[in-house]
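A.B. asks:
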Amino acid sequence: MTRITPQLFERRIFAEALRSSVLKLDPRVQLRNPVMFTVYVGSLLTTVLWAQAVLTSSDESSGFILAVSVWLWFTVLFANFAEAIAEGHGKAQAASLKKSRTSVIARKLVDAERQETVDVAAPDLKIGDLVIVKAGETIPTDGEVVEGVASVDESAITGESAPVVRESGGDRSSVTGGTRVISDWLIIQVKTLPGQSFLDRMIAMVEGAKRQKTPNEIALAILLAALTLTFLLVVATLLPYSIYSVFASGVGKPISLTVLVALFVCLAPTTIGALLSAIGIAGMNRLSQANVIAMSGRAVEAAGDVDVLMLDKTGTITLGNRQATRFIPASHIEEQELAEAAHLASMADETAEGRSIAVLAKKQFGLRGRDLASIKPHFVPFSARTRMSGITLDGHEIRKGAAEAVETHVRSLGGQMPEDVRSAVQSIAKSGGTPLVVCRDSQVLGVIELKDIVKGGIKERFAELRQMGIKTVMITGDNPLTAAAIAAEAGVDDFLAEATPEAKLSLIRDYQKGGRLVAMTGDGTNDAPALAQADVAVAMNSGTQAAKEAGNMVDLDSNPTKLIEIVNIGKQLLMTRGALTTFSIANDIAKYFAILPAAFASTYPSLRALDLMRLTSPSSAILSAVIFNALIIIALVPLALKGVAYRPVGAAQLLRNNMLVYGLGGLVVPFIGIKAIDLFLTVCHLV
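If you read the sequence shown in the working numbering, its first letter stands for residue -6, the second for the next number, and so on.
#1: Going by alpha carbons, who is nearest to D387 out of K393, F372, R5?
#2: Leaving out five residues before and five after G426 in sequence, what residues of the same chain have Cβ atoms less than 7 Å from its Cβ?
#3: Within 10 angstroms of its Cβ, does A296 collect 16 or more other Cβ (buried), or is it exposed?
#4: Quick one: what's G439 bridged to in DSSP?
#5: Determine the closest residue to Q182 out of Y237, K101, E130, L213, with distance taken between C-alpha atoms.
#6: Do A283 and K555 have their CB atoms nearer than 8 Å?
#7: By DSSP's criteria, W178 is part of a beta bridge. Which residues make up the other side?
#8: Grab the span of the alpha helix (DSSP H) containing A332 for me, first residue to last.
#9: Going by DSSP in three states, K203 sits in which element: helix, strand or coil?
#10: Give me the Cα-Cα distance between V239 and E80, rounded to the nearest whole angstrom.
#11: Quick one: what does DSSP say I391 is sitting in, helix, strand or coil?
#12: I need the DSSP call for F7, collapsed to helix, strand or coil.
#13: Which value, in whole angstroms, describes the spacing of the CA atoms of E200 and L672?
#14: Can you check which of these residues, S167, Q565, M546, is closest to S281 by C-alpha distance?
#15: What is the residue span of the beta strand (DSSP E) that H678 lies within?
#16: Quick check on the burial criterion: 16 or more other C-beta atoms within 10 angstroms. Buried or exposed for N472?
#17: Would you mind reading off the limits of the alpha helix (DSSP H) that contains S270?
#18: Does the stretch 652 to 671 come into contact with the stretch 604 to 621, if we say contact requires no fewer than three beta-carbon pairs (one atom in each stretch) closer than 8 Å?
#19: Quick one: Cα of E390 to Cα of G439, how far?
#20: Between the alpha carbons of M410 and A345, how many angstroms are there, rounded?
#21: Report the residue from L18, V41, V97 whose alpha carbon sits nearest the alpha carbon of N73.
#22: Go to E412, then tell me how far its alpha helix (DSSP H) extends in each direction, as first and last residue.
#23: Tell me which residue opens and which closes the alpha helix (DSSP H) that F375 is part of.
#24: State the CB to CB distance for the pair V145 and V174, rounded to an integer number of angstroms; the pair is presumed to be in contact (CB under 8 Å).
#25: Spell out a yes or no on whether the stretch 38 to 54 and the stretch 224 to 240 are touching, meaning 3 or more CB-CB pairs, one atom from each, closer than 8 Å.
#26: Rounded to whole angstroms, what's the CA-CA distance from Q108 to E491? Just pull it up for me.
#27: Please classify T569 as buried or exposed, where buried requires at least 16 neighbouring CB atoms within 10 angstroms.
#28: In the DSSP assignment, find the alpha helix (DSSP H) that holds A490 and state where it starts and stops.
#29: So is V168 in contact with chain C if we call contact Cβ pairs under 8 Å?
#30: Rank D434, G129, L268, T609 by C-alpha distance to the C-alpha of E147 and give the top, closest one.
#31: Measuring alpha carbon to alpha carbon, tell me which of G450, R392, D342, I582 ends up nearest L605.
#32: Take G35 and list the residues in its own chain whose beta-carbon comes closer than 7 Å to its own, dropping the five residues that flank it on each side.
#33: Spell out a yes or no on whether the stretch 296 to 311 and the stretch 396 to 413 are touching, meaning 3 or more CB-CB pairs, one atom from each, closer than 8 Å.
#34: Tell me which residue opens and which closes the alpha helix (DSSP H) that E397 is part of.
#35: Under 8 Å between the Cβ atoms of T68 and T221?
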């Protein structure tokens, strides 16, 4: 999948958002947002009042009523636009995925032994069917490899050009429809029905319009609805009270319906009400841009509330393969002699460990590969039975392998394991490393130390998480001694050694019973129970179908460290919502000083003393506040889409920053904005 990161106001998305903003004026759509629905009703009411003022005599200027009505409609349209522009970014992601979905003819196996096939359209396949896919062919649907090993090009899904190996058994057996086999062949068992493939589900997931609201978002929506209802009741009582006051005193005139509607719209939390949906959709879009597909909005928000991270050791905390770090020679053996023997024994070893031995020998002693044709060696490949590999050269047997295996081999030739080598083996094992012993014939030459290399910068990342109040737990199948050594070097808070599926599941449940929210990443079938239990469960796209079904997010890059980025995106979503809510409420407080004195100046002339902005006239004050109320929504759309810049700081400091920047900003900006609009209206003689 080509990663799509559209500009905030890309022309195509902008045009579609404008059209969608008008379509969203459907009352059934507006009802989904109670705050904006009241503004919608107010817009309809002022439109009717304008028509009445035009057709009949009225105490209020029809031009003033029209101006208020137009800007109220703009307020609704701007709210629709904010949601539509966020949805547009999600649909751009979906469009790129749809290009990956192609019509494929599958070769269904009717006789597995004879490999007899029949051509079937991919949508006609059923769960359990077996299909054979050869080099150059497209995998027709999601499934599990039951036979064969092949390289698969998954760039249509992940955007990464490097092929991956898929094979039967283990954690690399899952394949995705729409990817392409580029070598060898695979027999695949169909695991999903047509239209329900992983690609189909991804397309549905990234369509922001279909996103579910999260519990916190629902709670905030209820709060905003309650505030709106309260303001509605207050404003509704002002009209009879104003009429009674004028009648009793014989001074002034009652407040008009147009002014009451404007008063309500300006005092209700319309700013955050208009942007709330866009903030949530934008959070999911940011995950999509990071090549992570969230199953629901709940998963994104839960990521922001996570306080326990469970991370697999291999590939997440460490580089994934152990690397040679030291040559420890036996007594009376030179280190270079040991390095030369280890280098020879690793010449045919294509594993990451074998290559790292060659790299270390070259780095320390400048040793390079030899002309194999001239020396005619006999390579001994590694086997699970012997637990050794090596080379026979010029009549000498050079071997490297597990300490016990090499000791048995040396004894069979009449040699012994030196005590200093035995001590080195024990020391390496206790420190969490892997010792490989090297021998030449019956003589033990020394030990190679292999270590898990902790990724650079990971300790600092964990320190940041700790500062945010997030506990990190390393999950590993290593023994407790090895796990403890790596945990100390990486700087994690805790670890689970010799981890079994039951142990992972039990640990997650224990944390959840204590009120913690747990995030976990996994790729294997053995991870599925724990992924299903975790609050935020990130499955690797390269993993098994069971893992992807159990998770509530899928990382298309299959990068376990992405979990940290996901937490950051979740926290950014919560911070953005909190910042804009703070700004919106402070904004409303500032608007009181503009519109309240103007609204009641005719009834209570003494209220003019509260006109701190010294606005030109009541009509100008009301219209300026309504215009500002609409424009501020558009001004905040980029912030809602991009999100507030995230920094790993504590909750107390975050609250102070929020109040200082967005609280104070929300108070100051309306004074400047409303006054500027008032001056513009006055200079242009528009009021």
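Glycine included, C-beta positions come from ideal geometry on N, C-alpha and C.
C.D. replies: The answer reads as follows:
#1: When only C-alpha atoms are compared, the closest one is F372.
#2: Result list for G426: E442, L443, K444, in chain order.
#3: By the neighbour-count rule (16 or more Cβ atoms within 10 Å), A296 is buried.
#4: Paired residues: P322, V431.
#5: Among Y237, K101, E130, L213, the Cα nearest to that of Q182 is on K101.
#6: Cβ distance < 8 Å, so A283 and K555 count as in contact.
#7: Per DSSP, K127.
#8: Start and end: 328 to 338.
#9: Here K203 scores only 41 on pLDDT, less than 50, and its place in the model should not be relied on; the value that follows carries that caveat. Look at K203 here: in three-state DSSP terms it is helix.
#10: When the Cα atoms are used, V239 and E80 turn out to be separated by approximately 50 Å.
#11: Correct three-state label for I391: strand.
#12: In the structure shown, F7 sits in a helix (DSSP, three-state: H, G or I).
#13: Reliability fails at E200, whose pLDDT of 47 lies under 50, so the model's placement of it is uncertain and no value is given.
#14: Here the closest residue by C-alpha is M546.
#15: Unbroken run through H678: none, as it is neither H nor E.
#16: Exposed is the call here.
#17: Looking at the DSSP string, the run of the alpha helix (DSSP H) that includes S270 is 263 to 282.
#18: Contact between the stretch 652 to 671 and the stretch 604 to 621 is present: 3 or more CB-CB pairs across the two stretches fall below 8 Å.
#19: One C-alpha to the other measures close to 15 Å.
#20: About 27 Å.
#21: Answer by Cα proximity: L18.
#22: Taken as a continuous stretch (DSSP letters only), the alpha helix (DSSP H) holding E412 covers 412 to 423.
#23: Counting along the chain, no alpha helix (DSSP H) covers F375, and no H or E run does either.
#24: Taking the Cβ atoms as the reference, V145 lies roughly 6 Å from V174, within the contact range of under 8 Å.
#25: No: the two stretches stay apart, fewer than three of their Cβ pairs being nearer than 8 Å.
#26: Q108 and E491: Cα-Cα distance of roughly 42 Å.
#27: Burial call: buried.
#28: Looking at the DSSP string, A490 is not in any alpha helix (DSSP H), and its letter there is neither H nor E.
#29: Among the chains of the structure shown, chain C does not appear; only one protein chain is present.
#30: Measuring from the Cα of E147, the nearest candidate turns out to be G129.
#31: The option with the nearest alpha carbon to L605 is I582.
#32: L65, V254, F257, V258, listed in sequence order.
#33: Counting Cβ pairs under 8 Å, fewer than three are found: no touch.
#34: It spans 396 to 405 - the alpha helix (DSSP H) in which E397 sits, taken as one unbroken run.
#35: No, Cβ-Cβ distance for T68 and T221 is not below 8 Å.
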